[in-house]
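Protein sequences appear in the order of chains A and B.
Numbering follows numbering that gives the first Met the number 0, with no gaps: position 58 of the first sequence is 57.
Numbering follows numbering that gives the first Met the number 0, with no gaps: position 98 of the second sequence is 97.
No residue lacks a Cβ here, since even glycine has one placed at the ideal position from N, Cα and C.
If you're wondering where the values come from, they're calculated on a predicted model, not measured in any experiment.
2 protein chains.
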Amino acid sequence: MHDIAKRILQGEVRGAARAITCIENDYPERTQILREIFPYTGRAKRIGITGTPGAGKSSLVDALIGFLREQDLKVGVAAVDPTSPFTGGALLGDRVRMQNHALDSGVFIRSMGTRGSLGGLSRKTKDAVRVMDAFGCDVVLIETVGVGQSELDVMNIADTTIVVLTPGGGDTVQAFKAGIMEIADLFVINKADLPGADKLQTEVEQMLDLAKHDAAWRPPIVRTVSTRRLGLEQLWEQVERHHAYLQASGEWGLRRSRRLQEEVLEIVSQRMQQVVRERLAAGSYADQLAAVAAGEADPYSAAEEIVRRLFAGDREPGK
Amino acid sequence: MHDIAKRILQGEVRGAARAITCIENDYPERTQILREIFPYTGRAKRIGITGTPGAGKSSLVDALIGFLREQDLKVGVAAVDPTSPFTGGALLGDRVRMQNHALDSGVFIRSMGTRGSLGGLSRKTKDAVRVMDAFGCDVVLIETVGVGQSELDVMNIADTTIVVLTPGGGDTVQAFKAGIMEIADLFVINKADLPGADKLQTEVEQMLDLAKHDAAWRPPIVRTVSTRRLGLEQLWEQVERHHAYLQASGEWGLRRSRRLQEEVLEIVSQRMQQVVRERLAAGSYADQLAAVAAGEADPYSAAEEIVRRLFAGDREPGK
């Protein structure tokens, strides 16, 4: 067993941190580590937390960590930040608040950025969540900015997805637009002490009347004021209730095995891209790319030729 | 030449619409069509318009269409809507406004959703823009909700990217968070008649002082009130100035050939995924997937085995 895998299973925080660094940077050892910890995963509750920017997700996560720690639960947080494609850096202003928990060994927080990855953020987040699971976290919170497709993809690993809204600002319509209403298992109206909370609740109820959702589970709406730590108990109660529902209906097992199968395809696709990039770096297909850059060939024909060679056992003449 | 390709090049609107339907639904003829129209593309100015939800992008696009039509320019619009992964439908409330131009044959508007696609929205939008280019559009506006990674990917095809902000609402910080500030070639402060426009402009200037951007091009800031059609001339002037800058610096050609090369890889990767899915549908790899679903194998090992078979000329024993 890889040393890092061993350290994760022993609950060593630096082992887990190191593993996620391997995942983020596509280090070759990541596959062995993930393969070896896999049998020790599946125990953690995975809670997705998403919502439009400004809905107060970070402070809700912060409050929730505090609440879960009071129950002596070990908490992992994967905060997904779609960062700049150019500098690779994120301005993590509100992550600072999470440092409330920096000295608590029962809390493991990691920001996942798009650094160096090619649309692989969702894949990497899933792997990081698995590390936190094997590391012994009872609950893993997956926080995303939640408006784009890649954020929706991330939510595919959550057992329970919480959509956070706030009164005012036309949140519901915008959230609907972004397609996140339909992935909600649970709604939170945060900043519920602001005017408009009743109106927002009515709007969400109306949307739920219209929307398709599982007939046996109508997403409940919970009100919180995360800055004053109000409503957290009710929120967690509903999370537990959703978990019990998933278990009782058999949906829990179905979701997990369906998602595992999807993951296989995702990993296959990622690996194939990697193979192509390695071969490109080694100078393969240089002729095709140069012809496209020079405007002498179209990208569709060039791509087809590359695919043809790849699947033809990839034995290139004269290379 | 495919009949649809011919009709696009003749400027027949239903041919163009049909081609985009083929692209959206992955119909097999799309590759032939795209290959055949490719030599007739590259003439249209591609303008990306992005910004946080609620910034008034749709009304700005609407106003800009009107402005460009007054100069007798033919305009294409690709409105990118990240829609629900479940129902595949978008609530296109604000698209309704665009129907202002529904009877104008010089305007071609198409909403691109994620319907049925697997993260392929960015790829499909690029292909749709190419259809509009070949169809004879002088300008193609690419509008996105613009907060997720896939929206940033879409912006890779724009020659000029406009980031739309509005006074109030902490827009700049949120925009920075989403990494869209750094892809801006040009900022628009829309709804500039609202209080706070000066403050917002100062904030953006300060961020520009801090941010990395091309030394020879500092993104200008233009104020508009799209509902009253104010500032459009100034906006377009800056777009033209950016275009002239790209041309003069040689950046224009460099960008286009770099992006064409990236597109080749994207198409290769898309095609490979398709091959894998086809083989899965035909029952290949069923053993691996069943083992993963049953918890008998981990997804990493299963994926590796599938990749091994794929690149081994994919001759499966006994299948």
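Item	Value
CB contact below 8 Å: residue 305(A) versus chain B	yes
Residue nearest to residue 184(B) in terms of C-alpha spacing, selected from 308(B), 50(B), 12(B)	50(B)
Contacting residues, own chain, Cβ-Cβ under 7 Å from residue 90(A) (five flanking each side not counted)	Residue confidence is low: residue 90(A) scores 38 on pLDDT, short of 50, so the model does not pin down where it sits. No coordinate-derived value is stated.
Interface flag, residue 283(A) vs chain B, CB-CB below 8 Å	no
8 Å Cβ cutoff, residue 300(B) in contact with chain A	yes
Given 8 Å, three or more beta-carbon pairs between the region 255-265 of chain B and the region 286-297 of chain A	yes
Residue range of the unbroken alpha helix (DSSP H) whose run includes residue 229(B)	From DSSP, residue 229(B) is part of no alpha helix (DSSP H); its letter is neither H nor E.
Own chain residues within Cβ distance below 6 Å of residue 72(B), not counting five before or after	137, 138
Same chain, Cβ closer than 7 Å to residue 304(A), neighbours up to 5 away in sequence not counted	287
Residue 2(B) classed as buried or exposed, judged by whether at least 16 other C-beta atoms fall within 10 angstroms	exposed
C-beta atoms of residue 105(B) and residue 74(B) nearer than 8 Å	yes
Beta strand (DSSP E) segment containing residue 77(B), residue limits	74-79
Cβ of residue 266(A) within 8 Å of any chain B Cβ	yes
Contained alpha helix (DSSP H) runs [length at least 4] in the region 241-296 of chain B, N- to C-terminal order	250-280, 285-292
Cross-chain neighbours of residue 246(B) in chain A, by beta carbon under 9 Å	Neighbours of residue 246(B) on chain A: none; closest Cβ ~16 Å, over 9 Å.
Residue interval of the alpha helix (DSSP H) (run including residue 14(B))	12-23
Reference residue 46(A), options 275(A), 165(A), 132(A), 295(A), closest by Cα	132(A)
Three-state class that DSSP yields for residue 56(B) in the structure shown	helix
Backbone CA spacing between residue 199(A) and residue 292(B) [nearest angstrom]	40 Å
Neighbour list for residue 110(A) in chain B, Cβ cutoff strictly below 9 Å	Neighbours of residue 110(A) on chain B: none; closest Cβ ~12 Å, over 9 Å.
Cβ of residue 256(A) within 8 Å of any chain B Cβ	yes
Cβ neighbour criterion (16 or more within 10 Å) applied to residue 155(B)	buried
Proximity of residue 21(B) and residue 28(B) at Cβ, strictly below 8 Å	yes
Rounded straight-line distance, which links the Cα of residue 157(B) to that of residue 111(B)	16 Å
Sequence-distant residues of the same chain with beta carbon closer than 8 Å to residue 13(B), five excluded per side	6
Any non-hydrogen atom of the ligand ADP within 7 Å of residue 154(B) CB	Only the bare structure without any ligand can be found here, which leaves the ligand ADP out of the picture.
Beta-carbon contacts of residue 135(A) that lie in its chain and below 6 Å, excluding the five residues immediately before and after	10, 73
Cβ of residue 262(B) within 8 Å of any chain A Cβ	yes
Chain-ordered neighbours of residue 0(B) on chain A, where CB pairs are closer than 7 Å	Result: empty, since nearest Cβ-Cβ is about 14 Å, beyond 7 Å.
Below-8 Å beta-carbon distance, residue 128(B) vs any chain A residue	no
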